[in-house]
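Undergrad: Once you've had a glance at the structure underneath, I'll fire off some questions.
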Amino acid sequence: MKKIYLISLALLFLALLVPALIANKGENLTLGEPGQTQVESVSSPSDITASPGKPEGRGEPESSLQLKTASGSGGATLPTPEGRGKEEVQQLKYEETGKQLKVESQQHKGEQGKQGEKSIIVMVAVLGKDKELLYGPKEVKVTDKNPWGFTALGALEATGLPYVLSTRFPGLVESVAGQPNKGTSGWMYKVNEEVPMVAAGQKTLNPGDKVIWWYSTNIASPAPRWEDLVKP
Amino acid sequence: MLDRLLYEDKGVFLQSLHTVVTLAYLTVLFVLALLFSHPLYLSGMLIISILAVLAAQMVDKWEAYLKMGLGMAILIVGVNALVFRTGKTVLGLGWIRVSLEAICYGAAMAIRLLGIMTVFCLFNGLIRPDKLLRLFSRLAFKSALVVSLATRMFPLAARDLLKAREMLQMRGVDYAGGSWTERLKKYSWLLDILLLSSLEGAWQVAEAMEARAFGTGPRSCYHTELVRPRDFLCLAASLAALGLALYAKVKGYGDFNYYPQLDPLLTGGSAMTLLALIMTSLAWPILLSWGWQLCPYLRSKI
Chain Y
26 MKKIYLISLA LLFLALLVPA LIANKGENLT LGEPGQTQVE SVSSPSDITA
76 SPGKPEGRGE PESSLQLKTA SGSGGATLPT PEGRGKEEVQ QLKYEETGKQ
126 LKVESQQHKG EQGKQGEKSI IVMVAVLGKD KELLYGPKEV KVTDKNPWGF
176 TALGALEATG LPYVLSTRFP GLVESVAGQP NKGTSGWMYK VNEEVPMVAA
226 GQKTLNPGDK VIWWYSTNIA SPAPRWEDLV KP
Chain L
299 MLDRLLYEDK GVFLQSLHTV VTLAYLTVLF VLALLFSHPL YLSGMLIISI
349 LAVLAAQMVD KWEAYLKMGL GMAILIVGVN ALVFRTGKTV LGLGWIRVSL
399 EAICYGAAMA IRLLGIMTVF CLFNGLIRPD KLLRLFSRLA FKSALVVSLA
449 TRMFPLAARD LLKAREMLQM RGVDYAGGSW TERLKKYSWL LDILLLSSLE
499 GAWQVAEAME ARAFGTGPRS CYHTELVRPR DFLCLAASLA ALGLALYAKV
549 KGYGDFNYYP QLDPLLTGGS AMTLLALIMT SLAWPILLSW GWQLCPYLRS
599 KI
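For the protein sequence lines, the chains are Y and L, in the order given.
Under this note's numbering, the letters of the first sequence match residues 26 to 257, in that order.
Under this note's numbering, the letters of the second sequence match residues 299 to 600, in that order.
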């Protein structure tokens, strides 16, 4: 048997297994935009509903964020949305400033503020299955380092919420924050009160656009409106 | 080249299995190659298929498939890496934006393709077409006859064409010489000969069918294919592998997310244990094959 076939076959195995092994070893080899929310303001720890982390990995459903208050009153454990991502437990440091808590991810700290990178600011809100707010509504910065570019999917990436894309249908969002599509229920998005007829990765955003990602349980039910979300 | 793609009796263990068992084993390999997306599971399926090729002494036949499959595999990996830009781990290759995830996904699809092609290679090399058709002839003998005639048509036509070409060459026809139109004319003679030989072949088949009283009354059939202990062992192993694979699929062990970022490869003890069990079950006929070759006692018992 010709050696060239064996070498090609071995290379194919290596191309399959080595990237997966490298990815398994750690985050420090990730060269793309990590997709972490770096500074986020919440009114109290109980308002935190989703972990700012990398997209979901496989693991046991029980995962938590270990939180420490700056006053040193001990750690608190907050449940993350049901899903896969045990390895994504992050140490979050809270600095209390009045009634506001500043949550700062220690991972990927200092990635922002690089000179020469293009970015746009858009408004994003993410609503879960029970119409609960998983994120926002607030501004996010979508940079050109974002793997999806200045698109609706890029805005979702910029929120830092964990999400899963379909491997069968590229661009289809299968799950956000541990809430997967099921039957006719699933994730939809709208931009400036219009539901685009293209995949989220193809919908280009302009600065100031208002993007809503919501879990639709019924195609006939009306989509959430931005004004209702920003009402006090 | 064509002979390498067709069935050839080598008297190996896997060819001696009952047609239903061989078919079941290959079907399980085929289904599992499609079912799983986890790199280790996909690699495991391909490794088992390659071991089966070695056990069946079909390396020369597999080489022809591999030649074709590797070309397509390289194409898949290359095009996927260059076109599909959804991975998060970007490799710095100058102006080209290639992600690690796209390379890994392309390689996974290529491994799956090679696995499926290897199963088809095994199918062609292990199952005698006549036996397979005989298996279905009880259910739909007319359809089986049509399929039998159709599958024979292409190899027979190729063989007739080769013979006719050699015959004309021996008579002095130089296919390499002359202008383009002259060569076309020479080849057109071959088509005349091929048409005549095909008509003659059809006539002979019709005579043979008539001599066997085809269509005169209810069809008789008799069964000669033996069912031996080896068949039960291999069928049980195939069904066990299928059951374990379905369990792994339900539990999500065989799944793997490639985008936007690769999942961890080693996901836990259960997934790896299950993979080991599936591979052992699938390797069982191969181990029996080697035992059958090396141990006369085992050979006499199974």
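Note that the Cβ used here is the ideal one computed from N, Cα and C, for glycine as well.
Note that the structure is a prediction, hence the values are computed from the model and not measured.
1) List the residues that DSSP assigns as beta-bridge partners of Y:Glu-219.
2) Looking only at its own chain, which residues have a Cβ that is under 7 Å from the Cβ of Y:Ser-191, when we skip the five neighbours before and after it?
3) Ignore the nearest five residues each way along the sequence and tell me which others in Y:Asp-72's own chain have a CB closer than 7 Å to its CB.
4) Relative to the alpha-carbon of L:Val-357, which residue among Y:Val-223, Y:Met-148, Y:Lys-27 and Y:Lys-166 has its alpha-carbon at the smallest distance?
5) State yes or no: is the C-beta of L:Leu-431 within less than 7 Å of the C-beta of L:Ser-441?
6) Any beta-carbon of chain L closer than 7 Å to the one on Y:Ser-130?
7) For Y:Ala-150, which three-state DSSP category applies?
8) For a cutoff of 7 Å on Cβ pairs, would you count Y:Tyr-30 as touching chain L?
9) Within 10 angstroms of its Cβ, does Y:Asp-169 collect 16 or more other Cβ (buried), or is it exposed?
10) Which value, in whole angstroms, describes the spacing of the CA atoms of Y:Gly-208 and Y:Thr-242?
11) Which of the three DSSP states, helix, strand or coil, is assigned to Y:Gln-227?
12) Whose Cβ in chain L lies nearer than 8 Å to the Cβ of Y:Ser-33?
13) Go through its chain and collect everything with a Cβ distance to L:Val-396's Cβ below 6 Å, but skip five positions before and after it.
14) According to DSSP, is L:Ser-347 helix, strand or coil?
15) At least one CB of chain L closer than 7 Å to the CB of Y:Gln-63: is that the case?
16) Using a Cβ-Cβ cutoff of 7 Å, what residues of the region 556-582 of chain L are near chain Y? List them in chain order.
17) Kindly list, in the order they appear in chain L, the residues whose Cβ is closer than 9 Å to that of Y:Leu-42.
18) Measuring alpha carbon to alpha carbon, tell me which residue in L:Thr-320, L:Trp-590 and L:Ala-543 is nearest L:Pro-427.
19) For the pair the region 535-550 of chain L and the region 305-313 of chain L, tell me if three or more CB-CB distances fall below 8 Å.
20) Identify which residue in Y:Pro-44, Y:Ala-40 and Y:Leu-39 has its Cα closest to the Cα of L:Pro-562.
21) In angstroms with no decimal places, state the Cα-to-Cα distance between L:Gly-567 and L:Ile-576.
22) Mind checking if Y:Pro-205 is an interface residue toward chain L, Cβ cutoff 7 Å exclusive?
23) I need the DSSP call for L:Ser-518, collapsed to helix, strand or coil.
TA: According to the structure shown:
1) For Y:Glu-219, the beta-bridge partners assigned by DSSP are Y:Val-216.
2) Counting only residues of its own chain and dropping the five nearest sequence neighbours on each side, Y:Ser-191 has a CB closer than 7 Å to the CB of Leu-197 and Glu-199.
3) Bear in mind that the predicted position of Y:Asp-72 carries a pLDDT of just 36, short of 50, making it unreliable; the figure below should be weighed with that in mind. Contacts found: none.
4) The closest CA to that of L:Val-357, considering only Y:Val-223, Y:Met-148, Y:Lys-27 and Y:Lys-166, is found on Y:Lys-27.
5) The beta carbons of L:Leu-431 and L:Ser-441 sit no closer together than 7 Å.
6) Below a pLDDT of 50, predicted positions are generally treated as unreliable, and Y:Ser-130, at 35, falls in that range; no measurement from the model is reported.
7) Under the three-state reduction of DSSP output, Y:Ala-150 falls in the strand class.
8) Yes, contact with chain L.
9) Y:Asp-169 comes out exposed.
10) Counting only the Cα atoms, Y:Thr-242 lies some 9 Å from Y:Gly-208.
11) Correct three-state label for Y:Gln-227: helix.
12) Within chain L, the C-beta atoms nearer than 8 Å to that of Y:Ser-33 come from Leu-368, Ala-371 and Ile-372, in chain order.
13) The answer, listed in chain order, is Ala-379 and Leu-389.
14) It is helical.
15) Note that Y:Gln-63 scores a pLDDT of 33, beneath 50, so its modelled location is shaky; the value from the coordinates is reported in the next line. No, no contact with chain L.
16) When C-beta distances to chain Y are compared with 7 Å, the residues of the region 556-582 of chain L below that value are Tyr-556, Tyr-557, Pro-558, Gln-559, Leu-560, Asp-561, Pro-562, Leu-563, Leu-564 and Thr-565, in chain order.
17) Contact annotation for Y:Leu-42 against chain L: Pro-337, Leu-338, Ser-341, Cys-402, Ala-405 and Leu-563 [CB-CB distance below 9 Å, chain order].
18) For the residues L:Thr-320, L:Trp-590 and L:Ala-543, the minimum Cα distance to L:Pro-427 belongs to L:Thr-320.
19) Of all C-beta pairs linking the region 535-550 of chain L to the region 305-313 of chain L, fewer than three are shorter than 8 Å, placing the two stretches out of contact.
20) Ranked by how close their Cα comes to the Cα of L:Pro-562, the residues Y:Pro-44, Y:Ala-40 and Y:Leu-39 have Y:Pro-44 in first place.
21) In a straight line, the C-alpha of L:Gly-567 is about 14 Å away from that of L:Ile-576.
22) So no, Y:Pro-205 is outside the interface.
23) Reduced to three states, the DSSP call for L:Ser-518 is coil.
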